[in-house]
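Start counting at 1 in the sequence shown, then tack on 450, and there's your number in our numbering. What follows is a set of notes on a single structure, which appears directly below.
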Amino acid sequence: MARNKMSVLDASVVLKWFVSENDSDKAEALRSEYYLGQRDIIVPDLILYEISNALNYHPDFKPSEIKTAIQTLFDIGIEIVTPTQMLMSKAIDIASENNVTCYDASYFALAQDLQIDFITADQKFYNKLFQNNFRDIILLKNFR
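The structure is reproduced here in C-alpha cells:
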C-alpha cells in the first residue's frame, strides 16, 4: 500500500506516545496513521537522545522503561536519519536566523530538505518560525 503522507515529527510530539499530556491523542493518531500505512514518519537521530533525556527526568519512568521506549522507536521502523554536513549547516542557519536551538532546528531542516510536513507540539518554537514567515510547519494541537 502506498503511503500518502510523509512527516517529520519532533521530540515534543513523539514523547506524547509515552507520556500522557495535552494532545497525546493527536500524537497517537499520527502513530496510528503510520501503523496503518497512511503516513511515513522520519526523524533525525537526535530524537533518541531527546526522548531518553525527557523520560529520564520524568518521575514515572525507570531506566528499564526508558530503554523499552527507545527500543520501541527502533522496532516500529520509523526512519531515523543521521544528519549530513549540509543538513547540519541548514539547521545552524535556521537556528541562528530564528533564535531557536540547533536541536529544534534540526527537525525543521530535515523536513525542509525532504520537502515534507513538519509537526511539533512546541508552541514557542512554532511561534518563532511562523512569525518569520515559515508556513510549512504544523502545530500538533491544530492537527486535524
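We put the beta carbon where it would ideally sit given N, CA and C, even for glycine.
Proximity test, Cβ basis, 8 Å: residue i and chain D
i: I569; result: Although the question refers to chain D, the structure presented lacks it and comprises just one protein chain.
Buried or exposed (CB count within 10 angstroms, at least 16 for buried), residue i
i: R453; result: Residue confidence is low: R453 scores 48 on pLDDT, short of 50, so the model does not pin down where it sits. Its coordinate-derived value is still stated next. Exposed, since its Cβ has fewer than 16 Cβ neighbours within 10 Å.
i: F580; result: exposed
i: P494; result: buried
i: D586; result: exposed
i: R594; result: exposed
i: Y485; result: exposed
Where residue i falls: helix, strand or coil (DSSP)
i: F468; result: coil
i: R453; result: For R453, the pLDDT reaches just 48, beneath the cut-off of 50, and the residue's location in the model is therefore unreliable, although a value from the coordinates is still provided. Of the three classes helix, strand and coil, the one that applies to R453 here is coil, per DSSP.
i: P513; result: helix
i: I497; result: helix
i: L459; result: strand
Residue i to residue j span [Cα, whole Å]
i: A479; j: V550; result: 27 Å
i: D535; j: Y557; result: The residue you asked about is not Asp; residue 535 is Gln in the sequence shown. If I take the Cα positions, the gap works out to 14 Å.
i: I528; j: N592; result: 23 Å
i: Y553; j: M456; result: 21 Å
i: L498; j: D460; result: 11 Å
i: R489; j: V463; result: 15 Å
i: A477; j: L564; result: 21 Å
Span of the beta strand (DSSP E), counted from its first residue to its last, around residue i
i: I530; result: E529 to V531
i: D490; result: D490 to P494
i: I569; result: D567 to T570
Start and end residues, alpha helix (DSSP H) containing residue i
i: D554; result: C552 to L564
i: K574; result: Q573 to Q581
Tell me, please, whether the stretch 505 to 515 touches the stretch 472 to 481 by the rule of three or more beta-carbon pairs shorter than 8 Å.
-> In the pairwise beta carbon analysis, the stretch 505 to 515 is classified as not touching the stretch 472 to 481: fewer than three pairs are separated by under 8 Å.
Cβ contact (3+ pairs, closer than 8 Å) linking the stretch 571 to 578 and the stretch 512 to 531 = No, because fewer than three Cβ pairs between the stretch 571 to 578 and the stretch 512 to 531 fall closer than 8 Å, the two stretches do not touch.
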